[in-house]
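These notes concern the structure reproduced below.
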């Protein structure tokens, strides 16, 4: 598992970013590189109410700003400034179909923001096919996955911010370290391997 800094990324005021405070709601947020491999066009082309906000930079930014004058492009943000942008949003949209994990989804959830994405590896590992996450025993909605990204956004908006935050607690660095240690298996020759829940194992030494 990959951990998220829960002290940095946490729920905050919806008006915590002055530039976003007066925008039409809901605010649909994308955070990441502004580049073709992120499939950002699927986000920008969404026919959805509210305001789309792009946090990040990249080779496509200038062209996309010209093509989408109604979208807010903030440039890259870091640290507490980034966390405030997450918290100011209503739903986090993850349009990539190729990212293997997507730490930004956990950062959004830690800020109490539900996730809308396509049902592909990465989102399936975090949000789960039914939108209840992938932590055993956790049954509350934290977002939605759908081949129609607009439908995913609409369903994700119904998720509780408190449930999103509660789910993210399972991905704190201490929690991830504990799970890692619990999955360590000592082989007969004294080497240490990580159990993956099936016959496959990754040797550590």
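In the working numbering, the protein residues as written are 1 to 205. Backbone N, C-alpha and C define an ideal beta-carbon position, used for all residues, glycine too.
Neighbourhood of residue i by C-beta, 7 Å cutoff - its chain only, sequence neighbours within 5 removed
i           : result
residue 152 : 116, 117, 144, 145, 146
residue 199 : For residue 199, the pLDDT reaches just 34, beneath the cut-off of 50, and the residue's location in the model is therefore unreliable, although a value from the coordinates is still provided. Around residue 199: no qualifying Cβ.
residue 139 : 132
Sequence-distant residues of its chain with Cβ nearer than 8 Å to residue i (five each side left out)
i           : result
residue 16  : 84, 87, 88
residue 149 : 42, 43, 46, 93, 95, 116, 117, 118
residue 135 : 167, 170
Same chain, Cβ closer than 6 Å to residue i, neighbours up to 5 away in sequence not counted
i           : result
residue 59  : 35
residue 93  : 28, 30, 43, 116
residue 112 : 11, 161, 164, 165
residue 38  : 32, 96
residue 196 : Because residue 196 carries a pLDDT of 49, less than 50, the predicted location of this residue cannot be relied on, and the following value inherits that uncertainty. For residue 196, where only same-chain residues beyond five positions count, there are no Cβ hits under 6 Å.
residue 75  : 57
Contact test: residue i Cβ vs the ligand GDP heavy atom, cutoff 8 Å
i          : result
residue 92 : This structure does not include the ligand GDP; it has no bound ligands of any sort.
Residue i (DSSP reduced to helix, strand or coil)
i           : result
residue 28  : strand
residue 144 : strand
residue 154 : helix
residue 75  : strand
residue 92  : strand
residue 227 : An answer regarding residue 227 cannot be provided, because it is not within the stretch 1 to 205 covered by the chain.
residue 4   : strand
One or two residues paired with residue i in a DSSP bridge
i           : result
residue 160 : DSSP, once it has assigned bridges, lists no residue as partnering residue 160.
residue 34  : Partner(s): none; residue 34 has no beta bridge.
residue 51  : 27
Beta-carbon spacing of residue i, residue j below 9 Å
i           : j           : result
residue 168 : residue 4   : yes
residue 13  : residue 154 : no
residue 171 : residue 110 : yes
residue 2   : residue 101 : yes
Meets three-Cβ-pair contact criterion under 8 Å: the segment 9-26 and the segment 86-94:
yes
Three or more C-beta pairs under 8 Å: does that hold for the segment 69-81 against the segment 105-112?
no
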